[in-house]
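Notes to accompany the following structure.
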Amino acid sequence: MSYLEHNVKLVPTGPSKILYLNWPLALLLSTVASVGFLMLFSVAGGSLEPWAEPQMKRFALGLAVMFTVAMVPIWFWRNMAGLAYGVSLALLLGVEFFGETGMGAQRWIDLGVIRLQPSELMKITLVMILAAFYDWLDIRKTSRPLWVLIPLLLIALPTYLVLRQPDLGTAILLVTGGGIIMFLAGVSWWYFIVVIGAGIGTVSAVLSSRGTDWQLLKDYQYRRIDTFLDPASDPLGSGYHITQSKIALGSGGWTGRGFMQGTQSRLNFLPEKHTDFIFTTLAEEFGFVGAISLLSLYVLVVFFCVVSAMRNRDRFGSLVTMGIGATFFLFFAVNMAMVMGLAPVVGVPLPLVSYGGSAMLVLMAGFGLAQSAHVHRPRSR
Amino acid sequence: MKRTPRDTATSQRKISRRGLVLGGLQLGFAGVLGWRMRQMQVEQADEFRLLAEENRINMRLIAPARGLIFDRSGIPLAENAQNYRIVIVREDAGDVDAVIDRLAQLIYLDPVELDRARKEILRRSPFVPVTLTDQRSWEDIATVAVNAPALPGITPDVGLTRNYPLVEDYAHIIGYVGPVSDYDLARIDDDDPLLQIPKFQIGKTGVEQKFERELRGKAGTRRIEVNAAGRVMRELGRDPGVPGADIQLTVESRLQNFVEARLAPALSAAAVVMDTRNGDLLAVGNAPSFDPNKFVRGITVADYGDLTNNIYRPLSNKAVQGAYPPGSTFKMMVSLAALDAGQLSPGETFYCGGYHKLGNRRFHCWKRGGHGWVDLEKSLEQSCDVYYYELAQRVGIDKIAETARRFGHGERFDLPMSAVSAGVMPDKAWLRESYDQPWRVGDSLNASIGQGYVLSTPLQLAVMTARLASGTRIEPRLVKSVGGVELEPKGLEPLGFAPEHLRIVRAGMNAVSNSRRGTAYSSRIEAGDKRIAGKTGTSQVRSVVVRNQDVPWEERDHALFVGFAPYDDPHLAVSVVVEHGGGGSSVAAPIARDIMLYALHGTLPPPESYPSSQRSRIDQFLSELELRQDFRPTEGSGRA
């Protein structure tokens, strides 16, 4: 119990905790969410319905969740990590058997009150269990193979279930997010070098084997890879989305067409304009200035997380804060890279801006953890 | 699990270090994202904006109103008539089949048309109007409008289609329009976007074809904003385009109508009436004719078959396409050639014994017994062939051809009608080039009476007559003005023949019509100030002379007549060719005389114009002609 080794008396208690919250971070999150309301209002053609208003309610709920989670001491959450992970895994399995199909993939589980995406939940609980694991683990054993295997298993299990749905975006987020925690916890560089090297080796082997005698995949599989990597080769199929997205984004110019003046989203050329591709609407209407501003806001959120984590001497709190920040980073980085044609299209929403309930709630709960870690950080001297 | 403070400190350092590395990586990636934004939104913004506009803005063409065509007095010949259609919009109709069934109870719907429409409805987006039926009467439209509440999604609509109010009269001159075909697109080098409109109508023949560019006008455009499904959201701008230019012809509709009616009993014939002072073609008649409106609406296979299988070739514009041996109407050319060459004096006589001997071959005169001593005037008056055999032998084909060409023979006149023929005006060089044969004297003798290789069109014969009458190089013209701009008459300069020689030939033609022994005396005009002077022609289709009544139609002689009037101060020239009609004097001359009289009076002539013995018969005949009465004036033309 590492907390006992620090001066616990300095940790604030009772309602006064509110004063010790990471208020700049809360303000940043609210600003980002407000940008989201604005964009949802715009893509609905200047109407609160059907997206902006529900999104506002959800964000209000999300704020409440964040504050509630923040009020609870971080050591409680550390003790809950195993349970949370277990529940998420169970829910993922539940989706496998009872899930409803949404957008061609089994992702939802209907709890009556809310349609929950266990895969979203898993993004946070995976961070929690890994942080708790490394908090528990003797730091000298961190890089021993056996002790590396355990976190790998913890990552692989949900990833496998998510891939079965199939939800490539979440799978990438889980693997990368988990890997980042392992990296932060101090797992030897060599593991990462070997894994990345092996990955690159496999990919290049698969690609270079094409057309040779020892071709590793079937031709149709290669063609799928082609359209995945270069959607422009299939302009009316999978390429349509990305082409239209790039057109909308690029046509924004320096300052954009102005609020509610985005022709591409208004005229339905943009697919999924209120969810995964909402960034293009923003980029079209507010131009480079708007897009770079949102990017800066996101970077600031991550920056605050990193600063908070580095000032936190509690290993669990530090790792969780860092992990939440990294997950958040992965969300917007993958989404933006995707809509700008830098990455293949995988279903990853723009955090706090894209329309969507469970993603936002889960993210806000995650930031609640970060806030809790901030509030309850050990203070000495 | 216990942990020493040292461990915690180590772990903390490690997290901080790795945290910085991670933060750095994240910042780096964010930098890449920012750089990409700059690249797309700042550097390539114009490119993407253009693509966005292409996405969003659709140009819809507005078809300009096609130019109208009028006759010389402003009577509309080709107009844009309102075409009432009934269209359906699927998404407004709801149950399409039920709505169509209800509509079918109100007005007749052609099953074939309906079948096509049903297929189109399924193919198109639900908001696209699909034509159910067109060319409806006003009553049908009114019925639909009254029952509109029971017919959701059904709307009456009006478009423009070409209409030719004078039906058959101008079929060969104006031609017709029809939907642009792949063949048209391949043939005409024209990148006008209008041609890409499905079923866009372009001129297919005649003036409609030759003045296509002028008549079509310039496409207008509607810039509309569409969404991804193609639905029109709003109109951003509109350029009405430029309507086609109106064209005024030189033709006189009443005369044209009379010519067509007068030619009709002759089965297969053509006639041209020309103003000798300015070249205006006052009438270009053909028999039989056809209804060009059928082509506009889409002619049925059966109707088209009737037209193409008809041995009298209704689709052919014989007046300018038909090339016939001119027969004796060519004799003026030979006379003038000889006079101009100085190898003939008008009073010089030749003896006609019924034939001319060339070597051991006999060239017969049409009059077996011969004409006796013949001078120039008598040679024309009685159309003595032997006289011309003598002249041909004397002046040679090249001089004859040179003379005839100056009168328009062998020339393809630049008129806006389809397939204007050049005919054939042979000479020695021509025969060598065309058939690789030497020219023989016998060929000259045949050519001298308008037989053999010589082929002329009724138009060329009219031009020849007009030039004889006026002494100028007058060029025929069909179009008086385009888009309000008058076209100048051409060829007003003198022809270059001695006026005296022309006068002598004209006197001979006067004798043909007005002297008691003239071949066209029975087709004379009695009124002294309107006398016609002309020349008959009977050209053989085959060489052996048999009585015409005994042979099938297509082997009978062509009947020809050319003439001008009034003799004393001519301003009209006429040519008539009746294919396989028989004798020029008995068949062609009366037609020419009637046409000339109508042209001179502008209406049916007074009976005194005819020889008294013929008056009652001709009166009877003319009253039986079905002449059009309803010529609409200029105003009320169908421009929308």
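Protein chains in written order, with my numbering: chain E, 3 to 383; chain S, 9 to 648. We treat Cβ as the ideally placed atom computed from N, Cα and C, and that holds for glycine.
Item                                                                                                                           : Value
Cross-chain neighbours of Ile96/S in chain E, by beta carbon under 8 Å                                                         : Those within 8 Å of Ile96/S in chain E number zero; the least Cβ separation is about 25 Å.
Cβ-based burial, Ile385/E [other Cβ within 10 Å; buried from 16]                                                               : It is not possible to answer for residue 385/E, since the shown part of chain E is limited to 3 through 383.
Nearest neighbour of Trp256/E, chosen from Arg230/S, Arg57/S, Pro72/S [CA to CA]                                               : Arg57/S
Where Ile182/E meets chain S, residues with beta-carbon distance less than 8 Å                                                 : Leu30
DSSP three-state assignment for Cys670/S, whether helix, strand or coil                                                        : In the structure as shown, chain S starts at 9 and stops at 648, and residue 670/S therefore has no counterpart that could be examined.
Chain E residues whose Cβ lies nearer than 9 Å to that of Ala53/S                                                              : Gly252, Ser253, Gly254, Gly255, Trp256, Gly289, Phe290
Residue nearest to Lys218/S in terms of C-alpha spacing, selected from Asp177/S, Pro248/S, Ser189/S, Ile182/S                  : Ile182/S
Sufficient close CB pairs (3 or more, under 8 Å) joining the segment 93-100 of chain E to the segment 139-151 of chain E       : no
Which of helix, strand or coil DSSP assigns to Leu241/S                                                                        : According to the sequence as given, residue 241/S is Met; it is not Leu. Strand.
Contacts that Lys248/E makes with chain S (C-beta to C-beta distance below 8 Å)                                                : Met48, Phe56
CB-CB length for Gly188/E against Ile141/E, believed under 8 Å                                                                 : 7 Å
Inter-residue Cα distance where the pair is Gly370/E and Pro160/S                                                              : 58 Å
Proximal residues of chain E, C-beta to C-beta of Phe37/S below 9 Å                                                            : Phe331, Ala335, Ala339
Rounded separation between Trp191/E and Ala339/E - CA only                                                                     : 27 Å
Residue burial classification, Thr2/E (beta-carbon count within 10 angstroms, cutoff 16)                                       : There is no way to answer for residue 2/E, as the model of chain E reaches only from 3 to 383.
Beta-carbon proximity of Val364/E to Lys248/E, cut-off 9 Å                                                                     : no
Beta-carbon contacts of Ala272/S that lie in its chain and below 6 Å, excluding the five residues immediately before and after : Ala295
Alpha-carbon spacing of Val71/E relative to Ser374/E, whole angstroms                                                          : 7 Å
Residues that Ala86/S bridges to, as DSSP identifies them                                                                      : Ile77/S
Sequence-distant residues of the same chain with beta carbon closer than 8 Å to Pro137/S, five excluded per side               : Val95, Ile96, Val97, Thr163, Asp165
Three-state class that DSSP yields for Asn265/S in the structure shown                                                         : helix
Straight-line gap, Gln445/S to Gly330/S (C-alpha atoms, nearest Å)                                                             : 26 Å
Ser456/S, buried or exposed, once every other Cβ within 10 Å from all chains shown has been counted against 16                 : buried
Contact set between Ile23/S and chain E, taken where Cβ atoms lie within less than 8 Å                                         : Leu186, Ala187, Gly188, Ala311, Met312, Arg317, Ser320, Leu321, Met324
Under the three-state DSSP convention, the category Gly292/S falls into                                                        : For clarity, residue 292/S is Val in the given sequence; the question names Gly instead. The answer is strand: DSSP assigns Val292/S an E or B state.
Test: Glu99/S CB closer than 9 Å to a CB of chain E                                                                            : no
Per DSSP, cross-strand counterpart(s) of Val185/S                                                                              : Gly211/S
Residue span of the alpha helix (DSSP H) that contains Thr1/E, given as start and end                                          : Here chain E has residues from 3 to 383 only, and residue 1/E is not among them.
Assigned secondary structure, Glu496/S (DSSP; H/G/I helix, E/B strand, else coil)                                              : coil
Inter-residue spacing [alpha-carbon to alpha-carbon] between Phe37/S and Ile232/S                                              : 41 Å
Element boundaries [alpha helix (DSSP H), containing Met124/E]                                                                 : 120-138
Cβ separation of Ala515/S and Ala581/S, assumed to be a contact under 8 Å, to the nearest whole Å                              : Wrong, their Cβ atoms sit about 17 Å apart, outside the cutoff.
Counted within 10 angstroms of its Cβ, other Cβ atoms place Pro173/S as buried (16 or more) or exposed                         : buried
Alpha-carbon spacing of Val350/E relative to Val177/E, whole angstroms                                                         : 14 Å
Chain E within 9 Å of Val136/S, Cβ atoms only                                                                                  : no
Residues of its chain near Met604/S, where Cβ-Cβ distance is below 6 Å and the 5 sequence neighbours each way are ignored      : Ile540, Ala573, Val582
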